[in-house]
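Numbering (the numbering used here), first residue to last: 3 to 265.
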């Protein structure tokens, strides 16, 4: 029986046998068309990026199972350390759901070990700029964070620079903080951020209006009832949602191009 291609290889347009150079080439070709800076769909680009990361992970795993498992165990320990740090401030973390592919490929225990931290809540007066500095010191594991709740904390404009390494950060709740236009400007330079809650901050209506003009992709929430979109997707859902957006927003000619392997 012919083995079904993994969906991330389908998303990249690749047929077996797979190589690292083929994966990187396919990603570069599609990223040029789908990157938001080139007029592409942001969700489709995220799906492509997720497919690319999983494809590389797949190759590494099959090339050296022992090395792969060692790296995953190390990252799991880093994740546990980060969670303990957040909990020491009375905060909480949420993990994304296990990937069905990881369950089938590696087993349930290892699939659970690979669940990433997608949401962190650090709220209240005990949370300061120093807390964010210590969060930054947790290392590359913080790159998993997609949503960060800092509401009613004592963070200031100066603390925003400690968020620079959170490359996947999309949603930030800053309601009830003393954030001003200076901190808002820094956050606006992090182009991956999609949503900010600014109720009760020192950011003026005029500053919010200017931000909406300069960064139309960024949604600004100002009501108490507004909540951040949920980041709790599995990597399967990221790929399928992104592919769906790509398919719906394209012509038949473009669709046929996606279905062809990039060799």
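Don't be surprised by glycine CBs; every beta carbon is placed ideally from N, CA and C.
Quick one: grab the DSSP three-state call for residue 163. As a position in the chain shown, residue 163 is number 161, starting the count at 1. In the structure shown, residue 163 sits in a helix (DSSP, three-state: H, G or I).
Pick helix, strand or coil for residue 119, following the three-state DSSP scheme. As a first step, residue 119 is located in the chain shown; it is residue number 117 there, counting from the start. Strand at residue 119.
Hey, could you find the ends of the alpha helix (DSSP H) residue 45 is sitting in? Here residue 45 corresponds to residue number 43 of the chain shown, with the count starting at 1. Unbroken alpha helix (DSSP H) run through residue 45: 44–65.
Does DSSP classify residue 213 as helix, strand or coil? As a position in the chain shown, residue 213 is number 211, starting the count at 1. DSSP places residue 213 in helix when its eight states are reduced to three.
Give the DSSP-derived three-state secondary structure of residue 169 in the structure shown. Counting from 1 along the chain shown, the entry for residue 169 is found at position 167. Note: residue 169 maps to coil in three-state DSSP.
To the nearest angstrom, how far is the alpha carbon of residue 239 from that of residue 196? Your numbering for residue 239 matches position 237 in the chain shown. Your numbering for residue 196 matches position 194 in the chain shown. With a pLDDT of 49 at residue 239, under the threshold of 50, the predicted position of this residue should be treated as unreliable, and no value is reported.
Are the Cβ atoms of residue 224 and residue 201 separated by less than 8 Å? For this step, residue 224 is matched to residue 222 along the chain shown. For this step, residue 201 is matched to residue 199 along the chain shown. Yes, Cβ-Cβ distance for residue 224 and residue 201 is below 8 Å.
For residue 36, report the span of its alpha helix (DSSP H) as first-last. Within the chain shown, numbered from 1, the residue matching residue 36 stands at position 34. Where residue 36 is concerned, the enclosing alpha helix (DSSP H) stretches over 22–36.
Between the Cα of residue 113 and the Cα atoms of 153, 75, 142, which residue gives the shortest distance? Here residue 113 is taken as the residue at index 111 of the chain shown, counted from 1. Comparing Cα-Cα distances from residue 113 to each of 153, 75, 142, the minimum goes to 75.
Reducing DSSP to helix, strand and coil, say where residue 241 ends up. Taking the first residue of the chain shown as position 1, residue 241 is located at position 239. With a pLDDT of only 44 at residue 241, under 50, the local geometry of the prediction cannot be trusted, and no value is derived from it.
Counting Cβ pairs, one atom from each stretch, are 3 or more of them under 8 Å apart for the segment 88–96 and the segment 121–129? yes
Okay, do the segment 150–164 and the segment 126–140 touch, 3+ Cβ pairs below 8 Å being the bar? yes
To the nearest angstrom, how far is the alpha carbon of residue 120 from that of residue 18? Numbered from 1 along the chain shown, position 118 holds the residue referred to as residue 120. Numbered from 1 along the chain shown, position 16 holds the residue referred to as residue 18. The straight-line gap from Cα to Cα measures roughly 32 Å.
Outcome for residue 142 when other beta-carbon atoms lying within 10 angstroms are tallied against a minimum of 16: Residue 142 sits at position 140 when you count from the first residue of the chain shown. Exposed is the call here.
Do residue 97 and residue 77 count as a contact pair if the criterion is CB distance below 8 Å? Numbered from its first residue, the chain shown carries residue 77 at position 75. Numbered from its first residue, the chain shown carries residue 97 at position 95. No, Cβ-Cβ distance for residue 77 and residue 97 is not below 8 Å.
By the 10 Å Cβ neighbour count, where 16 or more other Cβ atoms means buried, how is residue 203 classified, buried or exposed? Translated into the one-based positions of the chain shown, residue 203 becomes position 201. Label assigned to residue 203: buried.
I need the straight-line Cα distance from residue 173 to residue 230, nearest angstrom please. Counted from its first residue, the chain shown places residue 173 at position 171. Counted from its first residue, the chain shown places residue 230 at position 228. When rounded, the distance between both Cα atoms is 6 Å.
When you compare each of 218, 7, 228 to residue 153 by their alpha carbons, which one comes out closest? Counting from one through the chain shown, the residue named residue 153 turns up at place 151. When only C-alpha atoms are compared, the closest one is 228.
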